[in-house]
Every structure is written in structure tokens, then in C-alpha cells.
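Enquirer:
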Amino acid sequence: MSPRIGTPTEAGLDPARLQQTYALLDHWAQSGRVPGGVLAVARQGVLVPPRAFGQRRLAGTSQPMEADAVFLVASVTKPVTALAALILIERGRCSLRDPVCAYVPEFGNRGKEAVQVIHLFTHTSGLPDMLPENTELRRQHAPLAVFVEHICQCGLLFGPGTRVRYQSMGTAMLGHLVEKISGMSLPAFMQQEIFGPLGMHSTSLGLNPALAERVAEVNLPEEEQRLDWTWNQPYWQHFGAPWGGMFSTVADLAALLQFLLEEGRGLLGIHAARMMIADQTSRLPALSHEERHRSQAWGLGWAVGNWADLGSARSFWHGGATGTLVGADPATGLLCALFTTQPDGPLYYAVNAVQGAVV
């Protein structure tokens, strides 16, 4: 399932151009633009050994980044939550067209009766990205169950299926749906059904204590570092947000991307795997022609097309606010996972350089 280790030449990549990418990353670290990170690149089933750059810790003793560093991947969690739900759909436990309130009755109010499961996958539910009370709940160290209660009572920003608007709270409900249908916690379901089978041994939803010593710190402003509910703090590290709480390595994400390039081999049927990474939003009947053309296309959990500047229309990808970006292109067999410690860093430039190394 995982790509095998090999040289750039064996992967069909220009070694000199790939080296230019590494030089760019080193420059970012030396200039302070991006304190540190790790890049994994594979093509045609061959993984070039991941390349680390910069520092893993932000303060105190210098600690160089290591290739097996563990990162809070933020919203790169979302397509994994989507995969968990799709596994249940493929097993006949629910349908994309089912109303969410059929499984979560308390969700069925204030117009949310019309929200279907597919709307949670495709950012078309009308739910907000974040709850208005998100910051206050985090300050209170509220558990995930309280967030779900608030989502069940909130109103919609627009009619389900009529617009495309990025919505973390839709993914929160998708994760809750997995728990309701499977009878398992989402972290346990992911471990049993995804991470274990794919050999993702350094990945967990919520920080696995066994991985704690390898965690790379997110570079936050000084005033945020003092808060006890932000990304580097125990509360959030162990929260297990279905929309942004996964910890992983670039090698593990390469295994996930390779699995999708191989059309779900060993874990999903070919049709479900293809649906994950193909445009689903344009098929929604209530979406206007204008909305279809101005919005990012979404598969089932993955953004489709527009992967940096050089990805094909078939490419699929996802980014995370902590400084992570992963993607792959079935047209070339290329995959790339770039994890850094810098929120809102210039990651697309590095991905362009990786895409330019394809020969």
C-alpha cells in the first residue's frame, strides 16, 4: 500500500530540480520565513526519502527537525473523517442522500432537516465554518460533545446544496455521524479501519501519548502561546477535532495519498475511491450555474483541481491552517505532503517546484 523508498530518478523526478526545492525550503528556514518542516514526494509508487529542514522546537534548546516528526495537520484531518464516513456508506450503513437528522434527531431543526449527508462531505450544508461561540468554548475547555450540541442548535447560513462555503462544523457532524452509526469513537474507528490497514503507525486523531516526544510545535504569536487552549496546548492536542485534530507524519500521509492514487486498493471499492477525488459539487441540483463556476470543486472530503499552479484538473488536495498541504495528481502519479510549523506559510511555491520536477 505505501510507496516504496527509492531515488528521484526511479520516481521519474529530475534530481536537480528536486534539489532546488530542498534549497528553497532551507532558505525559508534560514531566513525565518518558515521555522521548520518536512517534505515527502513520491511518484509512480516510489517515495523519495522525506527531507527535513529547520527546527522542531520554537524556543529553548536548538532541536533540528527530523524526517519522522509528528505534526498537528489541522484541516488535513477533514478528508480522513470523510473517508471514515465513506467506509460506512460503502458497507450499506447509510447513504449520501440520507437526511442527517435520520441519525441525529436533535439536529433536525431551524431548516437543518434538509441537510443531507452529502452536504457535509462537500461544504454545501449551510453550516458555519466555526461556531460564533468557538473561542469561548475553547477557553472553557469544552469537550467535543458540547460543540456538537451547539451545532445541533445553530441555524444555517444558506439553504443546503445551494452554495459552496467551507464549513468545519459540517465535518464535525460527519465525524459525529460515524460515531452514531458505528458505535465506536471516531479516533478508535479511524485507528481500526484506516490507520492500521494503511500502515499509518504514526497517526492518531488526538495526540497519541506515544508520539508526543516527536511533535513539532506550531509557530504562534507570543500572545497566543500564553493561552491554554491553542494548538500547542494539551487541551487542543487531545481534543480530537474531526475537522482539525489529527497528528501525523509526511510518510503516513504519503501512504494515504498513494492508496487514493491506487483507487482504494485494499480498503475501498474502486467506485467509492474514485468518488472521493472527483468533483461532486457540480452534480448538486440546487447549485446555480454561477456558483458551480466560481467555487472550489469538492469531491468527498478533498478539494479537486487547482492544486497549486501546475496540478491537472484531476488533482486533489487539502491544506491545514497550522502550515500543512498535501495533494496528488492521478494524471502524473505525483504525490506531495509538506508539513511545516508556520501557519499561512508560502507552501504553494514549494509545491510548484515539486510539480516542476516531474519528467
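The opening residue of the sequence shown carries number 89 in the working numbering; numbering runs sequentially from there. Backbone N, C-alpha and C fix where the C-beta goes; we use that ideal spot for every residue, glycine too.
Taking the C-alpha atoms as reference points, what is the distance between T109 and L413?
Expert: The residue you call residue 109 lines up with position 21 of the sequence shown. The residue you call residue 413 lines up with position 325 of the sequence shown. Put simply, the backbone Cα of T109 is about 15 Å away from that of L413.
Enquirer: Using DSSP bridges, identify the partner residues of G417.
Expert: Residue 417 sits at position 329 when you count from the first residue of the sequence shown. Looking at the sequence provided, one finds Asp at residue 417 rather than Gly. In the DSSP assignment, D417 is bridged to L422.
Enquirer: Going along the chain, which residues of its own chain have a beta-carbon closer than 6 Å to the beta-carbon of I206, five neighbours each way excluded?
Expert: Start at 1 with the first residue of the sequence shown, and residue 206 comes out as number 118. Within the same chain, I206 has close Cβ partners L184.
Enquirer: Considering only DSSP beta bridges, list what W405 is partnered with.
Expert: Your numbering for residue 405 matches position 317 in the sequence shown. DSSP lists A391 and G415 as partners of W405.
Enquirer: Alpha carbon to alpha carbon, how far is H238 from A425?
Expert: Counting from one through the sequence shown, the residue named residue 238 turns up at place 150. Counting from one through the sequence shown, the residue named residue 425 turns up at place 337. Looking at the two C-alpha atoms, the distance is approximately 34 Å.
Enquirer: Secondary structure at R139, three-state DSSP: helix, strand or coil?
Expert: Counted from its first residue, the sequence shown places residue 139 at position 51. Correct three-state label for R139: strand.
Enquirer: Grab the span of the beta strand (DSSP E) containing G124 for me, first residue to last.
Expert: Locating residue 124 in the sequence shown gives position 36, counting from the first residue. Where G124 is concerned, the enclosing beta strand (DSSP E) stretches over G124 to R131.
Enquirer: Measuring only the C-alpha atoms, how far is L345 from L171?
Expert: For the purposes of this step, residue 345 is identified with residue 257 of the sequence shown, where counting begins at 1. For the purposes of this step, residue 171 is identified with residue 83 of the sequence shown, where counting begins at 1. Looking at the two C-alpha atoms, the distance is approximately 12 Å.
Enquirer: Counting beta carbon pairs with one atom in the stretch 161-176 and one in the stretch 247-267, are three or more of them shorter than 8 Å?
Expert: yes
Enquirer: In chain order, what are the residue ranges of uninterrupted alpha helix (DSSP H) at least 4 long that sit wholly in the stretch 163-241?
Expert: 166-178, 205-209, 222-227 and 232-241
Enquirer: Between which two residues does the beta strand (DSSP E) holding S336 run?
Expert: Translated into the one-based positions of the sequence shown, residue 336 becomes position 248. From DSSP, the beta strand (DSSP E) with S336 extends over M334 to S336.
Enquirer: Ignore the nearest five residues each way along the sequence and tell me which others in V129's own chain have a CB closer than 6 Å to its CB.
Expert: Counting from one through the sequence shown, the residue named residue 129 turns up at place 41. Excluding sequence neighbours, V129 sits near V136, C424 and V442.
Enquirer: Would you say C240 and E194 are within 8 Å of each other, going by their C-beta atoms?
Expert: The residue you call residue 240 lines up with position 152 of the sequence shown. The residue you call residue 194 lines up with position 106 of the sequence shown. Result yes, Cβ atoms of C240 and E194 sit closer than 8 Å.
Enquirer: Going by alpha carbons, who is nearest to Y323 out of E310, L232, F283 and D217?
Expert: As a position in the sequence shown, residue 323 is number 235, starting the count at 1. Of all alpha-carbon atoms in E310, L232, F283 and D217, the one lying nearest the alpha-carbon of Y323 is that of L232.
Enquirer: Excluding the 5 residues flanking L219 on each side, which residues of the same chain have their C-beta closer than 8 Å to its C-beta?
Expert: As a working note, residue 219 is residue 131 in the sequence shown. Counting only Cβ-Cβ distances below 8 Å, and skipping sequence neighbours, we find L225, F235, H238, I239, C242 and M257.
Enquirer: Of the residues L113, F141 and W331, which one's Cα is nearest the Cα of F209?
Expert: To locate residue 209, count along the sequence shown from 1; it is residue 121. Answer by Cα proximity: W331.
Enquirer: Quick one: is Q115 buried, meaning 16 or more other Cβ sit within 10 Å of its Cβ, or exposed?
Expert: The residue you call residue 115 lines up with position 27 of the sequence shown. Per the sequence shown, residue 115 should be read as His rather than Gln. Per the 10 Å Cβ criterion, exposed.
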